[in-house]
Amino acid sequence: MASTTSARTDRGTRSGAGIGFGTRVTSGPNVWMIFTYTVLISGIMIAIYPFFSMISTSLMTLGESTGGTLLPETPQWQNYQQAWVDGKFYEYFFNSVQITLITVSGQLLFCTLAAYAFASMAFPGKQFFFSLLLSTLMLPAAVTWVPNFITVTWLGRIMPIPWINNWPALTIPFMASAFNIFLLRQFFSQIPEELWDSAQIDGAGHIRYLFQIVLPLSKAPLTTIIIFGFIGAWNALAWPMLVTTSDEWRPISAGLQHFLDEAGAYVHLQMAGAVITVVPIVILYLIAQRQFTEGIATSGLKG
376 MASTTSARTD RGTRSGAGIG FGTRVTSGPN VWMIFTYTVL ISGIMIAIYP
426 FFSMISTSLM TLGESTGGTL LPETPQWQNY QQAWVDGKFY EYFFNSVQIT
476 LITVSGQLLF CTLAAYAFAS MAFPGKQFFF SLLLSTLMLP AAVTWVPNFI
526 TVTWLGRIMP IPWINNWPAL TIPFMASAFN IFLLRQFFSQ IPEELWDSAQ
576 IDGAGHIRYL FQIVLPLSKA PLTTIIIFGF IGAWNALAWP MLVTTSDEWR
626 PISAGLQHFL DEAGAYVHLQ MAGAVITVVP IVILYLIAQR QFTEGIATSG
676 LKG
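So the sequence shown is numbered by this note's numbering: it starts at 376 and just counts up by one.
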């Protein structure tokens, strides 16, 4: 009887020691988790602060905006109306809408056709041309400005409509994006070949297969290139200033230059104009956020 009691006591002691050991391992703060959250929160603050500063400055007076004030004493909501009128944002906004719609429409058409050819069609030099296309991603945008300017100037002389100071020079050079073609090509490559075989049995060719089967399955990457194309066309400034000499076709970013003169910059109005410029991009992203994230996550899984 004594030996049995001793055995039970010994097992209980070993069990308690085991529980105590496990408790010591899991108790206390998780250093790695604290570090992770610290980095994430710091990154969020760094990303959010410029937007906070832009909105805060847009509601200040000129004195507050140049004096290093963090928050306005009294919000100056009229700054947005003044920026809209004085910066001719009503004119530039309409120009940007036209330029963006034309550019994005062209990207959807040409990038989709090119990506499908690289993903699903066989032709001589396919891998070479695709590699050549990817190599253009390493070129800075400024490197292409002079060749593009020479090209659009020459095309404006031989085409029935002028290109300089008109929408063709502002849109056509950007309708074939190497990144968009790559993104769509990677997604198209993941579509099972059995669908193409079934489409052929039904008598479908490449065009019908592309528009009736492939594109309906590709809403996520298409949304992604729409967002990227929209942001690129909406924020463009250097190239539009190069190919335009009047306000007739200049985009909304050009309106921010109206708040610079010999006396200096009207920072509060510049920030108000920047808020007006950013709002359409934020709205588009919020609407298409889920599709955008899915498009980035699911593309490029198969090369």
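Heads up, the beta-carbon is just placed ideally off N, CA and C, and yes, glycines get one too.
Model, not experiment: these values are computed from the prediction.
Anticipated Cβ contact below 8 Å, residue i with residue j, distance rounded
{"i": "leucine 559", "j": "threonine 478", "result": "The pair is not a contact, with the Cβ atoms about 16 Å apart (cut-off 8 Å)."}
{"i": "glycine 648", "j": "glycine 630", "result": "6 Å"}
{"i": "leucine 644", "j": "alanine 458", "result": "5 Å"}
{"i": "phenylalanine 679", "j": "isoleucine 651", "result": "Any property of residue 679 remains undetermined from this structure, which presents the chain solely from 376 to 678."}
{"i": "methionine 550", "j": "glutamine 482", "result": "6 Å"}
{"i": "alanine 595", "j": "tyrosine 584", "result": "No, alanine 595 and tyrosine 584 are not in contact; Cβ-Cβ is about 19 Å, not under 8 Å."}
Distance between residue j and residue i (C-alpha atoms, nearest Å)
{"i": "methionine 435", "j": "glutamate 623", "result": "31 Å"}
{"i": "alanine 490", "j": "serine 431", "result": "43 Å"}
{"i": "arginine 665", "j": "isoleucine 533", "result": "45 Å"}
{"i": "isoleucine 602", "j": "isoleucine 556", "result": "14 Å"}
{"i": "leucine 445", "j": "threonine 598", "result": "37 Å"}
{"i": "alanine 694", "j": "isoleucine 656", "result": "Past the boundaries of the shown model lies residue 694; the chain is included only from 376 to 678, so the question cannot be answered."}
{"i": "alanine 494", "j": "glutamate 568", "result": "11 Å"}
{"i": "isoleucine 547", "j": "alanine 492", "result": "21 Å"}
{"i": "methionine 616", "j": "leucine 635", "result": "16 Å"}
{"i": "leucine 530", "j": "valine 618", "result": "13 Å"}
{"i": "isoleucine 423", "j": "tryptophan 452", "result": "21 Å"}
{"i": "leucine 514", "j": "alanine 544", "result": "20 Å"}
{"i": "valine 552", "j": "valine 406", "result": "Here residue 552 turns out to be serine, not valine, going by the sequence shown. Straight-line Cα distance between these residues: approximately 44 Å."}
{"i": "asparagine 541", "j": "serine 440", "result": "37 Å"}
{"i": "phenylalanine 605", "j": "phenylalanine 410", "result": "36 Å"}
{"i": "glycine 580", "j": "valine 589", "result": "12 Å"}
Continuous alpha helix (DSSP H) stretch holding residue i: start and end
{"i": "glutamine 457", "result": "453 to 461"}
{"i": "glycine 481", "result": "464 to 495"}
{"i": "tryptophan 520", "result": "520 to 533"}
{"i": "tryptophan 407", "result": "406 to 433"}
{"i": "methionine 513", "result": "First-last for methionine 513: undefined, no H or E at that position."}
{"i": "glutamine 565", "result": "That residue, glutamine 565, is in no alpha helix (DSSP H); it is neither H nor E in DSSP."}
{"i": "tyrosine 660", "result": "642 to 662"}
{"i": "phenylalanine 697", "result": "Only positions 376 to 678 of the chain appear in the structure, and residue 697 is not among them; the question remains open."}
{"i": "threonine 619", "result": "Run containing threonine 619: none; DSSP gives neither H nor E here."}
{"i": "histidine 581", "result": "581 to 584"}
{"i": "glycine 500", "result": "No alpha helix (DSSP H) contains glycine 500, which DSSP labels as neither H nor E."}
{"i": "glutamate 448", "result": "First-last for glutamate 448: undefined, no H or E at that position."}
Counted within 10 angstroms of its Cβ, other Cβ atoms place residue i as buried (16 or more) or exposed
{"i": "phenylalanine 586", "result": "exposed"}
{"i": "serine 510", "result": "exposed"}
{"i": "threonine 475", "result": "buried"}
{"i": "valine 527", "result": "buried"}
{"i": "glycine 462", "result": "buried"}
{"i": "alanine 497", "result": "exposed"}
{"i": "methionine 646", "result": "buried"}
{"i": "alanine 448", "result": "One point to set straight first is that residue 448 is glutamate, not alanine, in the sequence displayed. Answer is exposed; the Cβ neighbour count stays below 16."}
{"i": "proline 450", "result": "exposed"}
The stretch 493 to 508 touching the stretch 556 to 571, judged by at least three CB pairs closer than 8 Å: yes
Three CB pairs or more closer than 8 Å across the stretch 450 to 466 and the stretch 521 to 535: no
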